[in-house]
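From first to last, the protein sequence lines are chains A and B. The first sequence lines up with residues 1 to 214 when you count with UniProt numbering. The second sequence lines up with residues 1 to 214 when you count with UniProt numbering.
2 protein chains.
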Amino acid sequence: MAAPSPEAERQRDKDRTRADILEVATREFADKGYTGARVDEIAARTSTTKRMIYYYFGGKEQLYIAVLERAYSAIRALEQQVDVEHLAPEDALRQLAALTFDHHEANPDFIRLVSIENIHRAEHLAQSEVLAGLADPALGGLTRILERGRAAGRFRADADPLDVHMIISSFCVFRLANRYTFQAIFGRDMLDPARREHYRTMLGELVIDYLTAR
Amino acid sequence: MAAPSPEAERQRDKDRTRADILEVATREFADKGYTGARVDEIAARTSTTKRMIYYYFGGKEQLYIAVLERAYSAIRALEQQVDVEHLAPEDALRQLAALTFDHHEANPDFIRLVSIENIHRAEHLAQSEVLAGLADPALGGLTRILERGRAAGRFRADADPLDVHMIISSFCVFRLANRYTFQAIFGRDMLDPARREHYRTMLGELVIDYLTAR
DNA sequence: GTTAATGTACGAACTAGTGAGTTCACGGTA
DNA sequence: TACCGTGAACTCACTAGTTCGTACATTAAC
Chain A
1 MAAPSPEAER QRDKDRTRAD ILEVATREFA DKGYTGARVD EIAARTSTTK RMIYYYFGGK
61 EQLYIAVLER AYSAIRALEQ QVDVEHLAPE DALRQLAALT FDHHEANPDF IRLVSIENIH
121 RAEHLAQSEV LAGLADPALG GLTRILERGR AAGRFRADAD PLDVHMIISS FCVFRLANRY
181 TFQAIFGRDM LDPARREHYR TMLGELVIDY LTAR
Chain B
1 MAAPSPEAER QRDKDRTRAD ILEVATREFA DKGYTGARVD EIAARTSTTK RMIYYYFGGK
61 EQLYIAVLER AYSAIRALEQ QVDVEHLAPE DALRQLAALT FDHHEANPDF IRLVSIENIH
121 RAEHLAQSEV LAGLADPALG GLTRILERGR AAGRFRADAD PLDVHMIISS FCVFRLANRY
181 TFQAIFGRDM LDPARREHYR TMLGELVIDY LTAR
């Protein structure tokens with residue numbers, strides 16, 4: 001009778017329902033934290049019911065883990081964007097730093113989830129088979145950049161990829177994760193668009209100056 | 001009847017009761033977060049009862065704010081320790097960075113409270129009349145160090161005290177606040193004692209290299 | 001004896017999770 | 001093609017257990 005119209009509004013759609021729940025749950029968990037988030041609230045904002053959350057995910061904790069997995073998997077697209085091979089090591093590094101800077105700024109919910117997960121000592125992340133040990137994809141490119149910079153004698157010999165990654169991350173994460181207390185204490189909004197280019201440039205210089213010092 | 005013995009176990013002691021509650025509450029809030037913390041649990045770990053928490057602090061939120069105020073006030077001792085005037089700008093800066101590094105490492109509960117407060121968008125900190133606008137005491141010394149370094153032509157002209165403070169803070173805070181997810185993803189414990197001196201030195205070089213580049 | 005401090009028991013509201021029944025899509029079958 | 005069996009997707013109402021906060025009684029101190 002009814003033609004198979006995949007774009008028509010379907011009342012029963014497994015994937016759509018799951019995706020809907022996940023999206024709403026991401027906002028709720030990022031907003032209120034794991035303990036502060038309410039399953040009833042997530043259900044209310046969904047086009048489906050609470051029973052479906054338990055049907056598809058099992059419980060609050062498993063839903064939260066699914067949210068973490070989806071959020072982390074979104075980062076993996078980052079690696080492909082770095083043009084490692086055709087740039088001078090300094091420029092490649094500056095580009096990687098700027099890319100990380102932009103990515104963090106564009107994904108405040110992800111940063112909040114990471115902060116929340118650290119408050120919980122990564123106990124949920126440890127339960128995820130998908131995520132445990134899944135290294136940041138940006139590391140591969142960074143390793144190659146440092147190798148080339150060292151081989152050319154332009155970077156310090158003791159430069160460690162993970163250390164450099166930590167410097168870049170700490171700067172970008174701090175700017176988002178601690179902006180509220182920083183603003184309350186010092187009266188400066190680290191996310192003020194007028195200061196954005198300043199911070200973006202500063203990060204690049206910070207890393208390059210450290211690697212090329214002496 | 002009983003002689004006024006201030007050290008004897010007193011059954012009624014306003015200050016002692018308050019201090020006891022505050023200390024227990026600090027651990028509970030830092031451990032579980034604001035929403036995760038339980039008033040009954042705090043009361044149970046105290047030598048007094050839940051009724052006293054409401055008697056002295058009014059409620060869970062006011063208790064949490066009192067905990068924040070106490071934690072922040074503990075930092076104020078930091079400023080006096082920097083020997084700003086008798087050291088070369090580079091050495092004074094290195095000392096300040098190392099001091100911040102040590103202080104953060106020694107006060108993980110404080111870092112957790114700051115993370116938690118940022119998840120809540122500093123809404124509680126904003127309610128505190130004591131804390132709102134109370135700038136980090138380390139800033140004063142830092143400003144003088146940078147002035148001397150610039151005057152001597154050894155530091156870059158555009159060096160801003162708050163920016164430098166942000167660099168130092170982000171490094172130190174990240175090392176503590178994000179250690180769990182960092183460990184889970186990369187398998188490296190940023191708090192491993194064997195790596196402590198490496199990070200401590202690295203922070204000093206990072207800041208100095210940035211300020212003296214070119 | 002008056003007031004500050006303390007102990008106990010309780011309640012109203014909330015919260016994660018579930019039991020049980022309903023509707024829909026779809027393929028086989030007479 | 002009309003019917004039916006089946007399992008997946010879905011709805012609704014309910015509960016057992018928490019959790020913050022408080023009413024009320026009690027005790028120590030001056």
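Note that the Cβ used here is the ideal one computed from N, Cα and C, for glycine as well.
_Nearest residue (CA-CA) to T212 (chain B), options B:R94, B:D31, B:D40_ = For the purposes of this step, residue 212 (chain B) is identified with residue 212 of the second sequence, where counting begins at 1. Of B:R94, B:D31, B:D40, the residue nearest in Cα terms is B:R94.
*asked:* Tell me which residue opens and which closes the alpha helix (DSSP H) that H124 (chain B) is part of.
replied: On the second sequence, residue 124 (chain B) is found 124 positions in, with the first residue counted as 1. Residues 123-127.
*Which same chain residues, not among the five before or five after T49 (chain A), have their C-beta less than 8 Å away from its C-beta?*
The sequence position of residue 49 (chain A) within the first sequence is 49, counting from 1. Same-chain partners within the cutoff: A43.
*Mind checking H86 (chain A): buried by the 16 CB within 10 Å criterion, or exposed?*
As a position in the first sequence, residue 86 (chain A) is number 86, starting the count at 1. Exposed: under 16 other Cβ atoms inside 10 Å.
*Enumerate in chain order the residues of its own chain whose CB-to-CB distance from P108 (chain A) is below 7 Å, with the five nearest sequence positions on each side excluded.*
Stepping through the first sequence from its first residue, residue 108 (chain A) is reached at position 108. These residues qualify, in order along the chain: L176.
*Secondary structure of E91 (chain B), DSSP reduced to three states*: The count along the second sequence starts at 1 and reaches residue 91 (chain B) at position 91. The sequence shown places Asp at residue 91 (chain B), not Glu. In the structure shown, D91 (chain B) sits in a helix (DSSP, three-state: H, G or I).
_Start and end residues, alpha helix (DSSP H) containing M166 (chain B)_ = The residue given as residue 166 (chain B) occupies position 166 in the second sequence. Segment 161-177, the alpha helix (DSSP H) holding M166 (chain B).
*asked:* Could you check if Q183 (chain B) belongs to the surroundings of the ligand SAH, using beta carbon to heavy atom distance under 7 Å?
replied: As far as ligands go, the structure on display features none, and thus does not contain the ligand SAH.
*Residues that E205 (chain A) contacts on chain B, provided the C-beta gap is smaller than 8 Å*: For this step, residue 205 (chain A) is matched to residue 205 along the first sequence. Going along chain B in sequence order, the residues near E205 (chain A) (Cβ under 8 Å) are Y210, A213.
*Hey, how far is the Cα of L142 (chain B) from the Cα of E90 (chain B)?*
Along the second sequence, read from residue 1 onward, the residue named residue 142 (chain B) stands at position 142. Along the second sequence, read from residue 1 onward, the residue named residue 90 (chain B) stands at position 90. Whole-angstrom Cα-Cα distance: 11 Å.
*Spatial neighbours of A159 (chain B) in its chain, beta-carbon cut-off 8 Å, leaving aside the 5 residues before and after*: The sequence position of residue 159 (chain B) within the second sequence is 159, counting from 1. L146, G149, R150, L211.
*In the stretch 184-195 of chain B, which residues sit with their C-beta less than 9 Å from some C-beta in chain A, listed in chain order?*
A184, I185, F186, G187, R188, M190
*asked:* Quick check: what's the CA-CA separation for F171 (chain B) versus L63 (chain B)?
replied: In the second sequence, counting from the first residue as 1, residue 171 (chain B) sits at position 171. In the second sequence, counting from the first residue as 1, residue 63 (chain B) sits at position 63. Approximately 30 Å, taken between the alpha carbons.
*asked:* Under 8 Å: do the stretch 28-42 of chain B and the stretch 203-210 of chain A share three or more Cβ pairs, one atom per stretch?
replied: no
*Can you tell which of B:A92, B:K60, B:L125 has the C-alpha that lies nearest to the C-alpha of I185 (chain A)?*
Sequence index remark: in the first sequence, residue 185 (chain A) carries index 185 (1-based). The option with the nearest alpha carbon to I185 (chain A) is B:L125.
*For M202 (chain B) and chain A, any beta-carbon pair shorter than 8 Å?*
Within the second sequence, residue 202 (chain B) is the residue found at index 202, counting from 1. By this cut-off, M202 (chain B) is an interface position.
_Spatial distance of K14 (chain B) from I111 (chain A) (CA atoms)_ = The count along the second sequence starts at 1 and reaches residue 14 (chain B) at position 14. The count along the first sequence starts at 1 and reaches residue 111 (chain A) at position 111. Between K14 (chain B) and I111 (chain A), the C-alpha separation is close to 42 Å.
*Proximity to V173 (chain A) [Cα-Cα], best of B:S115, B:R200, B:A194, B:M202*: For the purposes of this step, residue 173 (chain A) is taken as residue 173 along the first sequence, with counting starting at 1. Distances from the CA of V173 (chain A) to each of B:S115, B:R200, B:A194, B:M202 were compared; the closest alpha carbon is that of B:S115.
_Helix, strand or coil at T48 (chain A) [DSSP, three-state]_ = Residue 48 (chain A) sits at position 48 when you count from the first residue of the first sequence. Under the three-state reduction of DSSP output, T48 (chain A) falls in the coil class, being neither helix nor strand.
*Mapping DSSP to helix, strand and coil, what is L131 (chain B)?*
As a working note, residue 131 (chain B) is residue 131 in the second sequence. L131 (chain B): coil per DSSP, three-state reduction.
*Which bits of chain B does G36 (chain A) rub up against, with CB to CB less than 7 Å?*
For the purposes of this step, residue 36 (chain A) is taken as residue 36 along the first sequence, with counting starting at 1. Residues of chain B passing the Cβ test: T35.
*Using the beta-carbon of each residue, which ones in chain B are nearer than 9 Å to S73 (chain A)?*
Taking the first residue of the first sequence as position 1, residue 73 (chain A) is located at position 73. The premise fails here: S73 (chain A) is roughly 13 Å from chain B at the closest Cβ pair, so nothing lies under 9 Å.
*Output the residue ranges of the alpha helix (DSSP H) runs that lie fully inside the UniProt domain "HTH tetR-type" (15-75) of chain A and measure 4 residues or longer, sorted by chain position.*
Listed in chain order, the complete alpha helix (DSSP H) runs (minimum 4 residues) inside the UniProt domain "HTH tetR-type" (15-75) of chain A are 39-45, 50-57, 60-73.
*Does the stretch 129-141 of chain A touch the stretch 64-72 of chain A, meaning 3 or more C-beta pairs lie closer than 8 Å?*
Yes, the stretch 64-72 of chain A is in contact with the stretch 129-141 of chain A.
*Which first and last residues belong to the alpha helix (DSSP H) in which M202 (chain A) is found?*
The count along the first sequence starts at 1 and reaches residue 202 (chain A) at position 202. M202 (chain A) -> alpha helix (DSSP H) spans 193-212.
*asked:* Taking CB distances under 8 Å as the criterion, tell me whether F171 (chain A) reaches chain B.
replied: In the first sequence, counting from the first residue as 1, residue 171 (chain A) sits at position 171. At least one chain B Cβ lies under 8 Å of F171 (chain A).
*Sorted by chain position, which residues of the same chain lie with C-beta nearer than 6 Å to Q183 (chain A)'s C-beta, five sequence neighbours on each side aside?*
Numbered from its first residue, the first sequence carries residue 183 (chain A) at position 183. Taken in chain order, the residues that qualify are D189.
*Under a Cβ-count criterion, where at least 16 other Cβ atoms within 10 Å of its own Cβ denotes burial, should Y72 (chain B) be classed as buried or exposed?*
In the second sequence, residue 72 (chain B) corresponds to position 72, counting from 1. Per the 10 Å Cβ criterion, buried.
*asked:* Can you list, in chain order, the residues of its chain with a C-beta nearer than 8 Å to that of Q81 (chain A)? Leave out the 5 residues immediately preceding and following it.
replied: The sequence position of residue 81 (chain A) within the first sequence is 81, counting from 1. Cβ neighbours of Q81 (chain A) beyond the five flanking positions: L99.
*Answer yes or no: do N118 (chain B) and N178 (chain A) have a C-beta to C-beta separation smaller than 8 Å?*
For the purposes of this step, residue 118 (chain B) is taken as the residue at position 118 of the second sequence. For the purposes of this step, residue 178 (chain A) is taken as the residue at position 178 of the first sequence. Contact flag set, yes.
*Output the boundary residues of the alpha helix (DSSP H) element that contains F110 (chain B).*
Position 110 of the second sequence, counted from the first residue, corresponds to residue 110 (chain B). Per DSSP, F110 (chain B) belongs to the alpha helix (DSSP H) from 108-119.
_Residues of the stretch 103-128 of chain A with Cβ closer than 7 Å to any Cβ of chain B, in chain order_ = R112, V114, S115, I116, E117, N118, I119, R121, A122, L125, A126
*Closest Cβ-Cβ distance between I42 (chain A) and chain B: below 8 Å?*
The residue you call residue 42 (chain A) lines up with position 42 of the first sequence. Not an interface residue.
_Spatial distance of F29 (chain A) from G153 (chain B) (CA atoms)_ = In the first sequence, the residue the question calls residue 29 (chain A) occupies position 29. In the second sequence, the residue the question calls residue 153 (chain B) occupies position 153. In a straight line, the C-alpha of F29 (chain A) is about 50 Å away from that of G153 (chain B).
*Round the Cβ separation of R76 (chain B) and P137 (chain B) to the nearest angstrom and send it over; I've been treating them as touching at under 8 Å.*
Against the second sequence, residue 76 (chain B) aligns to sequence position 76. Against the second sequence, residue 137 (chain B) aligns to sequence position 137. Right, the Cβ-Cβ distance comes to about 5 Å (below 8 Å), so this counts as a contact.
*Would you kindly work out how many angstroms separate the C-alpha atoms of A122 (chain B) and T46 (chain B), rounded to a whole number?*
One-based indexing of the second sequence puts residue 122 (chain B) at position 122. One-based indexing of the second sequence puts residue 46 (chain B) at position 46. Going from the Cα of A122 (chain B) to the Cα of T46 (chain B) covers about 27 Å.
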